[in-house]
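Shown next, in structure tokens, is the structure this report addresses.
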Amino acid sequence: MNHDLFLYDTERLKTIASDDTVKQGLAYFAEKRVFALDVQGDVLTAQVEDADFNAPYWVELTQRGENDLAVACDCAEPGVCKHAIAALYSYAEQFGFADEELLGGAVDEAILERVKKGRNEVNVKLLSGNPGFGIWQATSIISATYTKKSYQVHIRSLDQRMNYCTCPDLATNRLGTCKHIEAVLHQARKRPDYQQLKAAGSPVSFVYLAWESATRPVLRLYKKPQVEADLAVLLAEYFSVDGVFNGRVPEDFFRFSAQVLGREDFLLGDDATQYVHQCAEDAAQAIRAHQISQEILRAHGVLTGIKARLFPYQTEGVAFLASRGRALLADDMGLGKTLQAIAAASWLTDNAGVRKILVVCPASLKHQWAREIEKFTGHPVQIVQGAADGRTVQYRADALFFIVNYELTVRDLSVINETLKPDLVILDEAQRIKNWRTKLASTVKLIPSRYVFVLSGTPLENRLEDLYSLLQVVDARVLGPLWLCLLEFHVTDERGKVIGYRNLSELRRRIAPVMLRRNRSLVNDQLPERTEVRLDIPLDDKQKGLHDSALSAAGNLAQIAKRRPLTPGEQNRLMSALQQARMACDAAGLVDKTTQGSPKLDELARLLEDLCLQSDRKAVIFSQWALMTEMVETLVKGMGLGCVRLHGGVPSARRGELMDKFLNDVAVQVFISTDAGATGLNLQAATVLINLDMPWNPALLDQRIARIHRLGQKQNVQIFLLLAEDSYEQHVARLVQGKRDLFVNVVSPEASEDVVGVPQKLLQTLIDDLAGGEAAAVTSEQAPAEAADAPAPETCAERATEKPYQAEPQDDGKTRRIIEKIQAAFQTRLVRVLASGGGLLAVVNQAHDSDEEAAQALSEPDIPVAVVDSRTLSGLQRLGAQSPVAESRLVYESAANDQPTANPLLKSAEAKLRSAEILLEQQATAGVMDLLASSMLATAAALAGLDQAPSAESAALWLYGEVMPKQLLTQEQATAIVRALALSQNQGVPVNLIEQSLAEARLLYSASGYKSAG
């Protein structure tokens, strides 16, 4: 096979497609939407899942010349489409690097990853010099940080790792290269004069920073064969025979720098000088840290400007934060991290010139932070909220503390960096940025400040990468590059899957200088007793049916995953099915939106009767599902109990009011909340906490409990956990324990284990369980035999006939096959297909002379095909009942022929809504809920001003975390969308529920104000 046939780098791709198409195709490839890649001779075939439809398009590429690529794709876009570009990127990934000299090992794999990204993801331009020794500009096509930036690349050698880039990756990866450098080197290798440029090398001698091992760098000299005599003497004084700097750093290097300053025959590399300056700063900081720490500790808990006497451990925490300047405070929940951070910030204000402090926290905690600052200090506070124009003014307020929620940092990054310019950033509940791949985490890390306090009681929730992400904010050098960190501390099986962690004692040693962790044992004598009770609640018949159906759907997807990686859409559907199973464990009404009550609600009523009505205690009730909290609120009010309810849709300005009402009003005995209230709230007035469901994350369960069992609580506390009996929820509870083990053995100061086993990554764990059976065993009945067996591999011909989301007539399949042939024959000219008089009528937008011949070729003996253009059809329809097409019905509608709209999302939403209506008119329900859910998500995204709808998996969080607080949708509209998403994951949805969702989709779409031209 000629592997070069379909190898396209970024430069070559731009000769066959627009920049935007290349960018979209690269994004699809990066999201792993390409599968079933196959090459036969000069034909490449693949399936590419589309983001809009979550369904695969069939792509066929034929290479007929150097840049003559023929493309056939189901999307019917002219020319080379994004799906074709994604397929070419996937091909390059599999076949484009077979000739690389890198032979294996973690370092080689890390370098090869950057070589691939350099070829595929970066545009470069020469700014000065020549390709062998010059300065380039490098810009990523897509960026992992979600912020497109250009960097300067200094090329000093074409075959040695002596080059420099201003990007943050080179500064931290310890590889001596990055994707921007590799992109330049790739371009240089394609030049006809490459060998001459390589032989010529650098015109001057220079010093650079060499990462010859992954542990520490070396200041190394590149010396030209012939140098001036005075320079040769100087270099011999400071460098060994093999070119290594042998003086003291930083003192001797600074003297050397002064002596070569201004020479035209010698270059001091920016990487070398930056490293030396960092060494000097580290030495000075170590001296300052000791002095600051001793000064604060001598105060014995009485600090100037702080209106409270601190406990000894809190004084130690203040000294730790203020002396280090950049640190992670990981105290257990309830130990007063907020007070320690405020006191340390106040000390830096009085003693280190801090003038602007940015506090980033969850929206629910903004007012609580303001109250705490006002309570313990006299410093002015500004809460940042409201519309964009108002927020800009607020950042200019005469205040010391500025409080903003995490989501606003994404929108306000430029004004934060250009107007506020904070000296200190405090990140509260910093586990919000544990996933370094998210836009939120990337944005927070782009806020420059001299000092950073990271506060989190749960710095390690699921994976070692969680802790890594937080420490990247504090000091990226602590754990080194991610590839090295994972190599040192992960235990993997033969397939590369993480099965445990090792060298944990070394990990604890490394993080000790920047992370302080104290657990609740410090204040055990000040806390009341806590008892925990687990109650197993049986499912009723309706719940069990919904629960088992969802697990069956998840099992089918798991079978696919055993044969090939799931696409993003399939992963979303798998997680949604599992979510439906978990929702059914609480109440059937969470899924079908009609069933009233549940065994858990019955048990809750009994608990509240005993604990609140009879014993006059206050209780906090948590559920992950907003609709479940609505059901609880109805139940509580029906019992005559006063209550307040907090969820993601409650504006942050009102959350403090709800908490105050619960704490201070004796008539309000119940605080009902989703996990929007699981972090940061102080609810010590309650002595009972009831968990109606089990979250995936053990830290989240601990956070719920810490709302009432914390410093300041004076009474004994009871914790209840309600689990559905013989359900997937109990399986979740077992998974939680494995995550706890990892947390304890990394961050606990008393940890002694050096190696700990952990479950496989969540998705793979779920797949293995569902396909092989632990989770599947909770269902009462086996799935149908055909679902249990893995389907046979598809042939290319079978794959080629797959079409996304088209109206399918309910017959033996022959009609559908003919419709697919009609689609292939008329492509973009096809408007719709009608079933009329026992045959099919293809309606095209413009008739051709050859259409009659094509119709005859498409016809079957029992299903004739005729072709008319739209104008002819309109004339026939004016005949009314006498028309030969009077009894026709629509069986296919082409969304490609809709009229253009101002918003592509609304166009997509309308097309899907119309298709769903057509299917229901024909009494066909298969796929209707998928269409309705997708239409509603697209409409909501358009109303929110997005360019792309969120995934089904993240939709609920997006709706209740972002859309509802901005009041872009009503509570009823958000609930309708979530309901449609849940139903779309269930097979055999009753017609009345489908019709209800259709009505809700129509109402939501009409609220957009868009009417199509058609």
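In this text, residue positions in the sequence shown follow numbering that gives the first Met the number 0: the first is 0, and each later residue adds one.
The C-beta atom is built at its ideal place from N, Cα and C for all residues, glycine as well.
Owing to the predicted nature of the structure, the values given are computational and were not obtained by experimental measurement.
Worksheet item: Is Pro792 helix, strand or coil when you go by DSSP?
Response: Unreliable placement is indicated for Pro792, whose pLDDT of 32 sits below 50; no coordinate value is reported for it.
Item to complete: Check each candidate in Asn162, Gly64, Gln23 and Ala841 and name the one with the smallest Cα separation from Asn119.
Response: A check of alpha carbon separations from Asn119 across Asn162, Gly64, Gln23 and Ala841 identifies Gln23 as the nearest.
Worksheet item: Can you tell me whether DSSP reads Leu36 as helix, strand or coil?
Response: For Leu36, the secondary structure class from DSSP, reduced to helix, strand or coil, is strand.
Discussion item. Suppose you measure from the CA of Ala948 to the CA of Tyr1004; what does that come to, to the nearest Å?
Written reply: Their Cα atoms are separated by approximately 14 Å.
Worksheet item: Taking the Cβ atom as the reference point for each residue, do Phe661 and Ala684 lie within a distance shorter than 9 Å?
Response: The answer is yes: Cβ separation under 9 Å.
Discussion item. Quick check: what's the CA-CA separation for Leu347 versus Val353?
Written reply: Their Cα atoms are separated by approximately 6 Å.
Item to complete: With DSSP as the reference, label Arg431 as helix, strand or coil.
Response: DSSP, read as helix, strand or coil, puts Arg431 in helix.
Practice prompt. State the start and end residues of the unbroken alpha helix (DSSP H) segment that holds Pro167.
Written response: According to the DSSP assignment, Pro167 belongs to the alpha helix (DSSP H) that extends over Pro167 to Asn172.
Worksheet entry | For Ser914, the nearest candidate out of Val832, Tyr7 and Gln258 (CA to CA) | Per the Cα distances, Val832.
Item to complete: Tell me Phe719's beta-bridge partners as DSSP assigns them.
Response: Answer is Val532 and Ile689.
Worksheet item: Is Ala1006 helix, strand or coil by DSSP?
Response: DSSP, reduced to helix, strand and coil, places Ala1006 within a helical segment of the structure shown.
Practice prompt. Reducing DSSP to helix, strand and coil, say where Arg219 ends up.
Written response: Looking at Arg219 - three-state DSSP - the assignment turns out to be strand.
Worksheet item: Is any heavy atom of the ligand COA found at a distance shorter than 8 Å from the C-beta of Leu534?
Response: Annotation note on the ligand COA: not contained in the displayed structure, which lists no ligands.
Worksheet entry | Proximity to Thr974 [Cα-Cα], best of Arg188, Leu589 and Asp664 | For Thr974, the nearest C-alpha among the options comes from Leu589.
Discussion item. Here's the rule: buried if 16 or more other CB atoms are within 10 angstroms of the residue's CB, otherwise exposed. What is Glu785?
Written reply: Model confidence at Glu785 stands at a pLDDT of 28, short of 50, so the residue's coordinates are unreliable; what they give is reported in the following sentence. By the beta-carbon neighbour count (other beta carbons within 10 angstroms, threshold 16), Glu785 is exposed.
Worksheet entry | Sequence-distant residues of the same chain with beta carbon closer than 7 Å to Lys62, five excluded per side | One point to set straight first is that residue 62 is Gln, not Lys, in the sequence displayed. Contacts found: Leu4, Phe5, Asp41 and Leu68.
Worksheet entry | Residues of its chain near Arg978, where Cβ-Cβ distance is below 6 Å and the 5 sequence neighbours each way are ignored | Within the same chain, Arg978 has close Cβ partners Lys592.
Worksheet item: If you scan the region 931-1000 from start to end, which runs of the alpha helix (DSSP H) of 4 or more residues do you find wholly inside it?
Response: For the region 931-1000, whole alpha helix (DSSP H) runs of length 4 or above, ordered along the chain, are 951-957 and 970-983.
Practice prompt. Could you pull out every residue in the same chain whose Cβ sits closer than 8 Å to the Cβ of Gln258, ignoring the five residues on either side in sequence?
Written response: Same-chain partners within the cutoff: Leu233.
Discussion item. If you measure between the beta carbons of Leu839 and Ala856, is that distance less than 9 Å?
Written reply: Contact check for Leu839 against Ala856 fails: the beta carbons are separated by 9 Å or more.
Item to complete: Going by DSSP, name the residue or residues bridged to Ile425.
Response: Per the DSSP secondary-structure output, Ile425 pairs in a beta bridge with Val358 and Phe452.
Item to complete: For Gly549, collect the residues of the same chain with a Cβ closer than 6 Å to its Cβ; drop the 5 residues on either side in sequence, then sort them by chain order.
Response: The identity of residue 549 in the sequence shown is Ala, whereas the question assumes Gly. Taken in chain order, the residues that qualify are Ala576, Gln579 and Ala580.
Discussion item. What does the Cβ neighbour count give for Leu320, buried or exposed, with the cut at 16 atoms within 10 Å?
Written reply: The residue in question, Leu320, is buried, as its Cβ has 16 or more Cβ neighbours within 10 Å.
Worksheet item: Under 9 Å, do Ala109 and Leu12 count as touching if we go by C-beta distance?
Response: Against a cut-off of 9 Å, the Cβ pair of Leu12 and Ala109 comes out as no contact.
Item to complete: Let me know the secondary structure DSSP gives Gln195 once reduced to three states.
Response: Here Gln195 sits in helix by DSSP.
Fill in: Cβ-based burial, Lys178 [other Cβ within 10 Å; buried from 16]
A buried status is given to Lys178, since no fewer than 16 other beta-carbon atoms sit within 10 Å of its beta-carbon.
Worksheet item: Looking at Glu920 and Leu889, is the spacing between their C-beta atoms short of 9 Å?
Response: Their beta carbons are under 9 Å apart, which means Leu889 touches Glu920 by this criterion.
Fill in: Reference Leu603; option with closest CA among Ala625, Val631 and Ser614
Closest option to Leu603, Cα to Cα, is Val631.
Discussion item. Given this structure, state the Cα-to-Cα distance separating Gly639 from Ser551, to the nearest angstrom.
Written reply: Distance from the CA atom of Gly639 to the CA atom of Ser551, rounded to whole angstroms, is 41 Å.
Item to complete: List the endpoints of the continuous beta strand (DSSP E) containing Glu48.
Response: Glu48 -> beta strand (DSSP E) spans Val42 to Glu48.
Discussion item. Please state whether the Cβ-Cβ distance between Ala941 and Ala908 is less than 9 Å.
Written reply: Their beta carbons are under 9 Å apart, which means Ala941 touches Ala908 by this criterion.
Worksheet item: Can you list, in chain order, the residues of its chain whose CB lies under 8 Å from that of Asp8, leaving out five sequence neighbours each side?
Response: Excluding residues within five positions, the ones whose Cβ falls inside 8 Å are Ala91, Arg118, Asn119 and His185.
Worksheet entry | Member of Leu36, Arg1001 and Val424 whose CA lies at the smallest distance from the CA of Ser448 | Considering only Leu36, Arg1001 and Val424, the residue with the shortest C-alpha distance to Ser448 is Val424.
Practice prompt. Would you list, in sequence order, the uninterrupted alpha helix (DSSP H) runs of no fewer than 4 residues that lie entirely inside the region 223-251?
Written response: For the alpha helix (DSSP H) assignment, the uninterrupted runs of no fewer than 4 residues enclosed by the region 223-251 are, from N- to C-terminal side, 228-237.
Worksheet item: If Tyr274 and Leu208 are in contact, beta carbons under 8 Å, what's the gap, nearest whole angstrom?
Response: Right, the Cβ-Cβ distance comes to about 5 Å (below 8 Å), so this counts as a contact.
Worksheet item: Between the region 155-172 and the region 77-91, are three or more C-beta pairs nearer than 8 Å?
Response: Touching, no.
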